[in-house]
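Each residue of the sequence shown is one higher than the last, beginning at -14 in this note's numbering.
For each residue, glycine too, the CB sits at the ideal point set by N, CA and C.
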Amino acid sequence: MSTPSIPDKDLRLVVNAFKKTKSKVEAAKLLGMHPNTFTSRLKTAQHKGLVEDIKATKEEINVVDKLAEAQDRIKHLESMAFSQEEEKLTADYIKRKIIKIKDLSVTVPKWLIKTDKKKKFAGVPTLFASDWHWGEVVDPNQINGVNEFNLEIARDRAKTMVYKTIDLLKNNIAHTDYPGIVYVLGGDMVSGDIHEELMATNEKEIMPTVIDLFGVLIWCISTLADEFGNVFVPCVSGNHGRNTHKIRAKGRNFTSFDWLLYQFLAKHFENDKRVQFLIPDGSDAYYSIYGHKYLLTHGDQFRGGDGVIGALGPIIRGDHRKRSRNAQIDMSYDTMIIGHWHQLIQLERLIVNGSLKGYDEYAYSNNFGFEPPRQAMWLTHPEYGITFSIPIYVDKQKKEFNLEWISWK
-14 MSTPSIPDKD LRLVVNAFKK TKSKVEAAKL LGMHPNTFTS RLKTAQHKGL VEDIKATKEE
46 INVVDKLAEA QDRIKHLESM AFSQEEEKLT ADYIKRKIIK IKDLSVTVPK WLIKTDKKKK
106 FAGVPTLFAS DWHWGEVVDP NQINGVNEFN LEIARDRAKT MVYKTIDLLK NNIAHTDYPG
166 IVYVLGGDMV SGDIHEELMA TNEKEIMPTV IDLFGVLIWC ISTLADEFGN VFVPCVSGNH
226 GRNTHKIRAK GRNFTSFDWL LYQFLAKHFE NDKRVQFLIP DGSDAYYSIY GHKYLLTHGD
286 QFRGGDGVIG ALGPIIRGDH RKRSRNAQID MSYDTMIIGH WHQLIQLERL IVNGSLKGYD
346 EYAYSNNFGF EPPRQAMWLT HPEYGITFSI PIYVDKQKKE FNLEWISWK
């Protein structure tokens, strides 16, 4: 049976595609042909004398151009689909498929909205945990003995923080019933490897450090749930836990060990109805307690300061900019809470957290004011807003520094 001849019209398309692309492979792709088929038809066109002599008609040129446009459009759509799929991989896919979190929806706990007027009530307490720098080592010999930090001390301070919070709220404030507690995780929970000196001096590598901290945070949240009945855990990532050279604006959380740690915690507590997490994909978290609106962010977006006003300058400027931005998008807030600066400042419109790590070599060498290791705690009242603001000193007991000067007669 003889092979049917190919119409000259189809051969002209092959010739024109080849002239347009200057490549047999690209021309074959353009026409959707197998390269061997294209080569065979091009040879047939050469035998018929169509390669050198034929001039493409306007209709044939339009067909080739439309094919090229269609191919470019397909590539563009494929690129968009790939980008969307990649974003899906970094966010929902990790949560649903890898970590296997059952429910990603966030609903505001009822106990943060409505009060039981029959009970004695001082408000909802918030314990702000941030800047733990888990895994970092602070050598007391390099800072005149005013602080020391390692994993053993970090574990003791985390437990002391929880125990002191329970004692202050239940034994040192007039008898009151608490519907639950807000336990904020504000980032820089791990030291990370963002600087060469940290990579050289951290007590453990980043993965074992995250696992160690995971166990401690499980204990903290479980203990608070046992004591207060309910725990709401809003979380944001810091700048120390990243695995990139520079902090990213796009996909910030998806390169952060803080964020990964929060997801594992949410997975661990997913069947415990007492505990609920708020883990945004962006840098800020929004929630309210009895209508008092909080914006939680780590604070590394704010830069600057000097020896006179210290951190207050960049923090207040940053708060002003955020308030202006949020007012434009109908997301105004009452109080911004941040970490990062390791200086405890508790105001009505602004709360800056201290650190679990405490004073270190960086602060000492830059002549920053001494700051003991402590974390912020406060109560939010349904009528009066923020009332009691109480620092939680996380050392077991206050140390007395008996530092001797070298002297001679």
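Asked: Nearest neighbour of glutamate 113, chosen from Ala13, Gly200 and Val221 [CA to CA]; Found: According to the sequence shown, residue 113 is phenylalanine rather than glutamate. Per the Cα distances, Val221.
Asked: Alpha-carbon spacing of glycine 339 relative to leucine 170, whole angstroms; Found: 13 angstroms
Asked: Cβ pair threonine 320, leucine 297 closer than 8 angstroms; Found: no
Asked: First through last residue of the beta strand (DSSP E) which encompasses lysine 278; Found: 277 to 282
Asked: Proximity below 8 angstroms, CB of valine 415 to CB of valine 260; Found: Since the first and last residues shown for the chain are -14 and 394, residue 415 lies out of range.
Asked: Which of helix, strand or coil DSSP assigns to tyrosine 369; Found: coil
Asked: Where isoleucine 98 falls, given that 16 or more other Cβ within 10 Å makes a residue buried; Found: exposed
Asked: Nearest neighbour of methionine 192, chosen from Asp124, Lys155 and Phe242 [CA to CA]; Found: Phe242
Asked: Collapsed DSSP secondary structure at tryptophan 363 in the structure displayed; Found: strand
Asked: Cut-off 7 angstroms between Cβ atoms - residues of its own chain near valine 379, not counting five sequence neighbours on either side; Found: Arg142, Thr145, Met146, Leu341, Pro358, Arg359 and Gln360
Asked: Which residues DSSP lists as bridging proline 358, in chain order; Found: Proline 358 is not bridged to any residue.
Asked: Residues that DSSP places opposite glutamine 331 in a beta bridge; Found: Ile336
Asked: Entirely enclosed beta strand (DSSP E) segments - the segment 140 to 196, minimum 3 residues; Found: 166 to 170
Asked: Backbone secondary structure at alanine 270 - three-state DSSP; Found: strand
Asked: Nearest to isoleucine 375 (by Cα), restricted to the options Glu188, Phe239, Lys149 and Phe355; Found: Lys149
Asked: Other residues of its chain near phenylalanine 213: CB distance less than 7 angstroms, five sequence neighbours each side excluded; Found: Tyr163, Gly165 and Ile166
Asked: Coarse secondary structure for isoleucine 39, derived from DSSP in three states; Found: Caution is warranted here: a pLDDT of 44 is assigned to isoleucine 39, below 50, making its placement in the model unreliable, and no coordinate value can be reported.
Asked: Helix, strand or coil at leucine -8 [DSSP, three-state]; Found: The sequence given here has proline at residue -8, not leucine. Of the three classes helix, strand and coil, the one that applies to proline -8 here is coil, per DSSP.
Asked: Range covered by the beta strand (DSSP E) that runs through valine 122; Found: Looking at the DSSP string, valine 122 is not in any beta strand (DSSP E), and its letter there is neither H nor E.
Asked: C-alpha distance - tyrosine 344 paired with phenylalanine 199, whole-angstrom precision; Found: 24 angstroms
Asked: Through-space distance from leucine -4 to glutamate 11, alpha-carbon basis; Found: 16 angstroms
Asked: Cα-Cα separation between aspartate 211 and serine 350, rounded to whole angstroms; Found: 42 angstroms
Asked: For leucine 364 and alanine 107, believed in contact at Cβ under 8 angstroms, the rounded distance; Found: 6 angstroms
Asked: Whole-number beta carbon distance between tryptophan 119 and threonine 194, since they are thought to touch under 8 angstroms; Found: 6 angstroms
Asked: Span of the alpha helix (DSSP H) around proline 265; Found: That residue, proline 265, is in no alpha helix (DSSP H); it is neither H nor E in DSSP.
Asked: Span of the alpha helix (DSSP H), counted from its first residue to its last, around isoleucine 128; Found: It is not in any alpha helix (DSSP H) - isoleucine 128 carries neither H nor E in the DSSP assignment.
Asked: Secondary structure, alpha helix (DSSP H): runs of 4+ residues fully inside the segment 212 to 255; Found: 242 to 253
Asked: Endpoints, the alpha helix (DSSP H) within which leucine 112 is located; Found: Looking at the DSSP string, leucine 112 is not in any alpha helix (DSSP H); the run it does join, the beta strand (DSSP E), is 109 to 114.
Asked: Status (buried if at least 16 other CB within 10 Å, exposed otherwise) for glutamine 248; Found: buried
Asked: Sub-8 angstroms separation of aspartate 178 and glycine 324 beta-carbons; Found: no
Asked: Identity of the residues DSSP links to tyrosine 378 by a beta bridge; Found: Arg359
Asked: Separation of asparagine 215 from aspartate 152, as counted between CA atoms; Found: 17 angstroms
Asked: Beta-bridge pairing of isoleucine 395 - partner residues as DSSP gives them; Found: Residue 395 cannot be examined here, being either before or after the span of the chain that is shown, -14 to 394.
Asked: Reduced DSSP category for phenylalanine 106 - H, G, I as helix; E, B as strand; rest coil; Found: coil
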